[in-house]
Amino acid sequence: MLTSFEVHGFRAFSQLTIERLGRVNLIVGKNNSGKSSLLEALRVYRTAGSPFVLGEILRAHDEVLNPSDMGLEVAQLAALFHGRNPRPFSDKISLGPKSAPQQRLVLRPVFVRDGLNPIRSQPAGTSEEVTEEAAAADPNVRAALSIELGGREMCVDADMISGRRSRMTGLGQGPTWISATGADNELVSRWWDVIVLNPESENRVVKCLRPIAPVERMTLVERPERRGRMFMVRLKGETGSTPLRSFGDGMARMFQIAIAMEFASRTGFVWAWMSQWSIGESLPLAPTLLLDEAENGIHYSVLADFWRFVFKVAQQNGVQVFATSHSWDCIEGFQVAASENSAADGVLIRLERHDQGTKAVLFDADELRIVSRDEIEVR
Amino acid sequence: MKNRLLLVEGKNDQHVIYALCHAYGIAENVFDVAPAGGVDQLLDSIPVRLKQSDLKRLAVIVDADDDITRTWERLANQIRKSAMAELPRAPDVDGTCLNLKDGIRFGVWIMPDNRLTGILEDFVARLVPTGDCLLPQVDKFLSDIPPENRRFSRQKQPKSRIHAWLAVQSDPGMPLGQAITATFLNAQADAVRPFIDWLHRALVH
C-alpha cells in the first residue's frame, strides 16, 4: 500500500506531495485542481509506466497524434509533461512514495537508435552532442520515452504508446480503474468471469446492490442478437430476470464498482508490461482501485452504504482505493463509513492549486467527524 | 463571505454579536458567525476549521470562565496542533490578532475583557445603562436568596443577574441579543468599543 505519494512534472503538477495516504482515499478540490490528473499519475505509477496506460491517458485527452506525421518530434509525448515542452534527457516526470527513491518511477524523453537503445546525451559543445536537429537528420534515430524504476531502465517509443504497434489488451493492464462515465461493459464482463467462481465475492457484489433493489442473483448471458454479453438481475420474489440496464445508471455504476472492488484484489494477474522487465521486486503488486467521480448516478441516501461496502472490502481484500468527488453527500457518506471502520484508515485529500505548485490538505477520520458535525466546507 | 468566520460558543453569543454588529454598522455579509455546541466542541474544531477551503480570516470568542490562564492554554494547544503558529503567552487586553502560516489571520477575544475571569453575561451586564436603578435591586434580590435555595452555581451567577434584570424591563424576558437591538441594553457603553475595534482588526479590515 502506498503510504505517501509525490508527483513531479506530470501534466498539471509541477510538484505535489501527499504526506500521508490511507487505505481508502477520497480526493476533492475545485474544478481543474488536478483530481483526475492525480488518478492518472497513480495509474501510471502502479503500472510502472505501461505504454498502454500512457496511450490511454493521452487518447482520453485527445492528445495522441499520428506518429507517422510527427517524424522525430517528441510532441506526441509532450502532453504528459508539465509545461508540455520537455527537453530531451533533462526534463522528467517523477512519481512515487516520499523517502523511497528506489521506488520512484522516472519518465524522460530520449532519442533512441537501432531498436530501443537510448542515445546517451553527450556534453554540450562536443562533437558527440546530440541535438534535435542532428537527430532529425539521422533516419535511424527516433523519439522515445525512457522509463526507469529501481535502477532498471526500459525505453518505449511513440508507436507503442499511440497503440500503433504491440497493442496490449486484456485484463492485466493495471489497477482497476473506473472513469466518471463508467467502465467498458466488455471489461466488466471479464472481471465478472474472474470473480464469479468465488461465491463469497459474488454474494458481496449482490449485497452491495440491495440498498437500491432486492437483488437476489446476477448472471451474465449472451445477448439475443449475439453481440456481446449482458448482465441480468433476478429480484427477490420474482421468477424471471431483468436486464441490469433496465434499473438505470445508478444501479449499473454501483454494480461496476462492486465488481471492480472484488477484481482489484486478485493479485494473480501479473501485468503484461511489468513482466517484460521483471521489476516485481521493486514495485510489489498492490491491489488498487481508482474511481473517478465516485458518486455519479448514486442517490445521496445510499452513499453511506456504498462507502461502508468500499471500506469493508478494501480492508478485507487489501485493496487501496483512490476516489474523486465533488459532492458533499459523498463526503458525509465517506465520513460515516470511515468512523465506523477506524481500522480501514480513511483519508480525505483536498487539492489546491497555488503558484508554487499544488498543495494537498489532509483530513483523517477524527477530523472528518468534526467536518460532518459542524458542516465545515472542505471541498 | 464564506472566507471570514467567527466561531462562538453557542447561539446566545451569536445573537449578541449580530446585535452589536448591527448597532455599529458592520454589514451582515462581511463574515459568518458559527455557533458551536459549547466550548469543547468549539476548541476541538479549530484545527479543522483552519483547513477549511478558501479561509482567509478566523476569529474565536470564548468565555474566560474561572481561570483565564487555563482557557488561554487550551486555545494555544489547539493552535499548536495545527502547526500554524504559536499564540503569545497571554491574551492582548485589546483582543488578540496574529497572522498564521498560509496567510490566514487569526483573532481571539476572551469574554468579558481578555483580563478577568467571567463569561459573556459579564460583558453584557456592562451594557446596562449607567445609573440604572433596577440593577442594585436585582443584586439585592440575588443576595437575599439563602444559600440552601441557590440553584445556580457561582459561575452562572452573571446569567441569573442579567436575565433577572431583563425580566423587569418594560418588555420583560427579552433575550440578550434582542435587548441590545431594542436598546434596553446600551450598545454604546464604554465596554463595547474595544470589542468592536478588535472585531474590525480580526475580521473586517
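So the protein sequences, as listed, match chains E and H.
Going by this note's numbering, the first residue of the first sequence is number 1, and it counts up by one from there.
Going by this note's numbering, the first residue of the second sequence is number 1001, and it counts up by one from there.
Where is the CB? At the ideal position from N, CA and C, for every residue including glycine.
Identify which residue in ILE57/E, GLU225/E and MET218/E has its Cα closest to the Cα of MET232/E.
In the first sequence, counting from the first residue as 1, residue 232/E sits at position 232. Of the candidates ILE57/E, GLU225/E and MET218/E, the one whose C-alpha sits nearest the C-alpha of MET232/E is MET218/E.
I'd like to know if the region 1188-1203 of chain H and the region 1092-1099 of chain H are in contact, where contact means that at least 3 CB-CB pairs between them fall below 8 angstroms.
yes
8 angstroms CB neighbourhood of LEU26/E in its chain, flanking five on each side removed
As a position in the first sequence, residue 26/E is number 26, starting the count at 1. Excluding positions up to five away in sequence, the list reads ALA294, ALA323, THR324, SER325, CYS330, ILE331, PHE334, GLY346, VAL347, LEU348 and ILE349.
Please state whether DSSP places ALA1085/H in a helix, a strand or coil.
Working through the second sequence from its first residue, we reach residue 1085/H at position 85. Residue state, collapsed to three classes: coil.
Count the other C-beta atoms from every protein chain shown that fall within 10 angstroms of the C-beta of LEU58/E, then say buried if there are 16 or more, exposed otherwise.
One-based indexing of the first sequence puts residue 58/E at position 58. Under this definition LEU58/E is a buried residue.
Nearest chain H C-beta to GLU216/E closer than 8 angstroms, yes or no?
On the first sequence, residue 216/E is found 216 positions in, with the first residue counted as 1. Taking Cβ atoms only, chain H never reaches closer than 8 angstroms to GLU216/E, which makes this a no.
Selection from LEU1087/H, ARG1115/H and ALA1059/H that minimises the alpha carbon distance to ILE1068/H
The residue labelled residue 1068/H in the question sits at position 68 within the second sequence. Closest by alpha carbon: ARG1115/H.
Which one of GLU1121/H, PRO1091/H, ASP1066/H and MET1084/H has the shortest CA to CA distance from ILE1104/H?
For the purposes of this step, residue 1104/H is identified with residue 104 of the second sequence, where counting begins at 1. Minimum Cα distance to ILE1104/H is reached at MET1084/H.
Are the Cβ atoms of GLY1107/H and ALA1202/H separated by less than 8 angstroms?
Here residue 1107/H corresponds to residue number 107 of the second sequence, with the count starting at 1. Here residue 1202/H corresponds to residue number 202 of the second sequence, with the count starting at 1. Less than 8 angstroms divides the Cβ of GLY1107/H from the Cβ of ALA1202/H.
Distance, Cα to Cα, THR17/E vs LEU1127/H?
For the purposes of this step, residue 17/E is taken as residue 17 along the first sequence, with counting starting at 1. For the purposes of this step, residue 1127/H is taken as residue 127 along the second sequence, with counting starting at 1. When rounded, the distance between both Cα atoms is 52 angstroms.
Mind checking if GLN1078/H is an interface residue toward chain E, Cβ cutoff 8 angstroms exclusive?
Residue mapping note: residue 1078/H aligns to position 78 of the second sequence, counting from 1. Not flagged as an interface residue toward chain E: GLN1078/H, since no C-beta distance is shorter than 8 angstroms.
With three or more beta-carbon pairs closer than 8 angstroms as the criterion, would you say the region 1003-1015 of chain H touches the region 1052-1066 of chain H?
Yes: at least three Cβ pairs fall under 8 angstroms.
ASP249/E: which of ASN185/E, GLU262/E and ALA365/E sits nearest, CA to CA?
As a working mapping, residue 249/E is identified with position 249 in the first sequence. Nearest of ASN185/E, GLU262/E and ALA365/E to ASP249/E, Cα basis: ASN185/E.
If we define contact as Cβ-Cβ less than 8 angstroms, is ASP1044/H a contact residue for chain E?
What you label residue 1044/H is simply residue 44 of the second sequence in a count that begins at 1. Answer yes: the Cβ-Cβ gap between ASP1044/H and chain E drops below 8 angstroms somewhere.
Kindly indicate which three-state DSSP category SER4/E falls into: helix, strand or coil?
Your numbering for residue 4/E matches position 4 in the first sequence. Coil at SER4/E, not helix or strand.
Residue-level contact to chain E via CB, SER1082/H, 8 angstroms cutoff
As a position in the second sequence, residue 1082/H is number 82, starting the count at 1. Answer no: the Cβ-Cβ gap between SER1082/H and chain E never drops below 8 angstroms.
Using a Cβ-Cβ cut-off of 8 angstroms (strictly less than) and excluding sequence neighbours within five positions of LEU220/E, which residues of its own chain qualify?
Residue numbering aside, residue 220/E sits at position 220 when the first sequence is read from its first letter. Closer than 8 angstroms at Cβ, skipping near neighbours: SER189, TRP192, ASP193, VAL196, ARG229, MET230, PHE231 and MET232.
Can you pull the chain E residues whose beta carbon is under 9 angstroms from the beta carbon of ARG1085/H, in chain order?
Residue numbering aside, residue 1085/H sits at position 85 when the second sequence is read from its first letter. Contrary to the premise, residue 1085/H reads as Ala rather than Arg in this sequence. Within chain E, no residue comes near ALA1085/H; the closest Cβ sits about 17 angstroms away, beyond 9 angstroms.
Interfacial residues, the region 305-331 of chain E to chain H, with Cβ spacing under 7 angstroms
Within the region 305-331 of chain E, no residue has a Cβ that lies closer than 7 angstroms to any Cβ of chain H.
Select from ARG11/E, SER246/E and VAL361/E the residue whose C-alpha is nearest the C-alpha of GLU63/E.
The residue you call residue 63/E lines up with position 63 of the first sequence. When only C-alpha atoms are compared, the closest one is ARG11/E.
is_contact[GLU367/E, chain H] using C-beta, thresh 8 angstroms:
As a working note, residue 367/E is residue 367 in the first sequence. With 8 angstroms as the cut-off, GLU367/E counts as an interface residue toward chain H.
What would DSSP say about CYS1133/H, mapped onto helix, strand or coil?
In the second sequence, counting from the first residue as 1, residue 1133/H sits at position 133. Coil.
Checking contacts by CB at 8 angstroms: is ALA1034/H closer than that to chain E?
Within the second sequence, numbered from 1, the residue matching residue 1034/H stands at position 34. Taking Cβ atoms only, chain E reaches closer than 8 angstroms to ALA1034/H, which makes this a yes.
Report the three-state DSSP secondary structure of PRO15/E (helix, strand or coil).
For the purposes of this step, residue 15/E is taken as the residue at position 15 of the first sequence. Position check: residue 15/E holds Gln in this sequence, whereas Pro was assumed. Collapsing the DSSP output to three states places GLN15/E in a strand.
Here's a check: name, in chain order, each residue in its chain whose Cβ is nearer than 6 angstroms to the Cβ of ALA260/E, leaving out the five neighbours to either side.
Counting from 1 along the first sequence, the entry for residue 260/E is found at position 260. The residues are THR176, ILE178 and LEU289.
Using a Cβ-Cβ cut-off of 8 angstroms, state whether PHE363/E counts as contacting chain A.
No chain A appears in the structure shown, which is made up of the protein chains E and H.
What residues in the region 1046-1078 of chain H have a beta carbon less than 7 angstroms from any beta carbon of chain E?
VAL1048, ARG1049, LYS1051, GLN1052 and SER1053
Which of the three DSSP states is assigned to VAL1209/H in this structure?
Residue coverage of chain H in this structure runs from 1001 to 1205, which leaves residue 1209/H outside it and unanswerable.
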